[in-house]
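The numbering of the sequence shown is the numbering used here, which starts it at 746 and goes up by one.
We put the beta carbon where it would ideally sit given N, CA and C, even for glycine.
Some notes on the structure that comes next.
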Amino acid sequence: MSVPGAMRRAALVAVVALVALVALGACARGPRAIDYGQESCDYCRMVITDPRYGAELVTTTGKVHRFDSIECLASYYTQASAAGTVRSVWVSDYAHPGTLIPAGSATFVRASGPASPMGKGFAAFSPGTDSATIGRVAGL
């Protein structure tokens with residue numbers, strides 16, 4: 746093989762490797778920041794506006810679905826989990842609006858204060874949130 750041919754082959758391998766890395770990087774494994782006021786809920790199609798209630802579901806293919814409330818996430822989750830396509834689920838920490846935490850480690854309560862976007866009032870808290878904060882939100 747000539748030197749120019751070897752260089753072409755090396756360049757092709759480098760381009761293929763770069764494309765593969767970019768493609769793998771596009772497959773999310775965790776949450777991505779929600780652009781509040783700009784993005785729509787993938788379940789009800791309302792604009793996601795309240796950072797206390799946002800949520801995300803990441804599929805096994807890396808697609809990120811965003812929701813304006815835990816209720817919308819739950820409705821979507823029942824469909825996606827039945828299809829076996831759920832990689833991870835994230836919910837907004839009510840005490841730290843806009844911060845997404847793993848749903849599996851969250852404490853969920855029904856808030857007595859302002860209603861969530863879909864009106865059920867479900868709120869999530871990260872582990873370690875003091876009980877007084879959770880109780881205040883739950884109206885206890």
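Residue i, enclosing alpha helix (DSSP H) - first and last residue
i	result
G843	It is not in any alpha helix (DSSP H) - G843 instead sits in the beta strand (DSSP E) that spans H841 to P847.
Residue i vs residue j beta-carbon contact at 8 Å
i	j	result
Y822	V834	yes
E801	P776	yes
D813	P862	yes
I779	C786	no
R811	R774	no
T878	A840	yes
Assigned secondary structure, residue i (DSSP; H/G/I helix, E/B strand, else coil)
i	result
A877	helix
S857	coil
A883	helix
S850	helix
A778	coil
S785	strand
A868	strand
A768	Unreliable positioning characterises A768 in this predicted model, as indicated by a pLDDT of 40, which lies under 50. The coordinate reading is nonetheless provided below. If DSSP states are grouped into helix, strand and coil, A768 belongs with the helices.
V758	In this predicted model, V758 has a pLDDT of only 43, less than 50, meaning its place in the structure is not dependable; the value taken from the coordinates is given anyway. Helix, per DSSP.
Residues near residue i in its chain [Cβ-Cβ closer than 7 Å; skip 5 each side]
i	result
A851	V836, A869, F870 and S871
C817	C786, Y788, C789 and M863
Q824	none
A782	Correcting the residue identity first, residue 782 is Gly in this sequence and not Ala. Within the same chain, G782 has close Cβ partners V792 and T794.
S820	Y788
Residues near residue i by beta carbon distance below 6 Å, same chain, minus five either side
i	result
G849	none
G884	S857
A828	none
A771	The predicted model places A771 with a pLDDT of 46, which falls under 50 and marks its position as unreliable, so this point remains unresolved.
G799	I779, I793 and S837
8 Å CB neighbourhood of residue i in its chain, flanking five on each side removed
i	result
A860	G866
T874	D838, A840 and T852
Which whole runs of the beta strand (DSSP E) in the segment 789-843 are 3 residues long or more, in chain order? 800-804, 809-812 and 831-838
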